[in-house]
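Residue numbers (my numbering), protein chains in the order written: chain A, 13 to 125; chain B, 419 to 531.
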């Protein structure tokens, strides 16, 4: 079966711009979570959605937001980009909020210049 | 989430068993131990999880001490493809909890030919 698909794979944006990243979970998975990975901070939890509702949120500023659609696809948006937002953004899906493990996508590499 | 402590790096000779330790001394009674690994530039991959009994699957074995304060992931015959960062995390196995998952910094395992 198809895995978790994240688009685009690579993105270059300018400071102050905004960006939208997309994640298509494994078919049947209703839970989608997002992570930011940087060399200095490691993997940091952003937020988790289940059935279009945000269930949990990490310690990120309000510039980071997300949503989930009725087909479980999810998007995350970062507004007013800063250089420090350059990172690998990972999406993970699961049947049941990760109880039996999350399946991760390959990520979107965002570079802010 | 309870915190975990892992050594930052380990080496293992190809074909030998790789034993990766994890300390989770503040683990709660309802928290499971999960292991993931991340190969360079890919999303993390779920390996195994357990509560208090030892677990084995096609990828690895998980040994949890009787007091549950530490665990060891065992890759029985390490190959070069097992070179990755290994993350140990703890979280409740409760789909209603939707706990945010904290990955920590993990152990970088280098398998040496």
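From the three backbone atoms N, C-alpha and C, an ideal C-beta is built for every residue, glycine too.
- Residue nearest to residue 120 of chain A within the set A:48, A:56, A:70, A:83 is A:48 (criterion: CA-CA distance).
- Here the C-alpha atom of residue 481 of chain B lies approximately 29 angstroms from the C-alpha atom of residue 46 of chain A.
- Bounds of the beta strand (DSSP E) holding residue 76 of chain A are 76-80.
- For residue 36 of chain A, no Cβ of chain B is located within less than 8 angstroms of the residue's own Cβ.
- The shortest C-alpha to C-alpha distance from residue 51 of chain A to any of B:528, B:524, B:529, B:531 is the one to B:524.
- Contact annotation: the stretch 426-446 of chain B touches the stretch 503-510 of chain B, with at least three C-beta pairs closer than 8 angstroms.
- Of the candidates A:98, A:77, A:16, A:95, A:77 places its Cα closest to the Cα of residue 89 of chain A.
- Contacts between residue 474 of chain B and chain A, judged by CB atoms closer than 9 angstroms, are missing: the closest CB pair is about 15 angstroms apart.
- Along the stretch 448-469 of chain B, the positions whose C-beta sits under 9 angstroms from a C-beta of chain A are 450, 452, 454, 456, 459, 460, 461, 462, 463, 464, 465, 466, 467, read in chain order.
- When secondary structure is reduced to three states using DSSP, residue 429 of chain B falls in the strand class.
- Contacts with chain A at 8 angstroms (Cβ-Cβ) do not include residue 497 of chain B.
- Assignment of residue 469 of chain B by DSSP, reduced to helix, strand and coil, places it in the coil class.
- Just measuring C-alpha positions, the residue of B:423, B:519, B:456 sitting nearest residue 67 of chain A is B:519.
- Using beta-carbon distances, residue 520 of chain B counts as an interface residue toward chain A, with a partner under 8 angstroms.
- Where residue 439 of chain B is concerned, the enclosing beta strand (DSSP E) starts and stops at 436-441.
- For a Cβ distance threshold of 7 angstroms, residue set 54 of chain A lies close to residue 523 of chain B, ordered along the chain.
- Chain-order list of chain B residues neighbouring residue 116 of chain A: 454, 456, 460, 461, 462, 463, 464, by C-beta distance under 9 angstroms.
- DSSP lists A:59 as the bridge partner or partners of residue 69 of chain A.
- With contacts defined as CB atoms closer than 8 angstroms, residue 101 of chain A and residue 80 of chain A fail to qualify as a contacting pair.
- Rounded to whole angstroms, the separation of the alpha carbons of residue 492 of chain B and residue 447 of chain B is 23 angstroms.
- Within 8 angstroms of the CB of residue 102 of chain A, the CB atoms of chain B belong to 461, 462, in sequence order along the chain.
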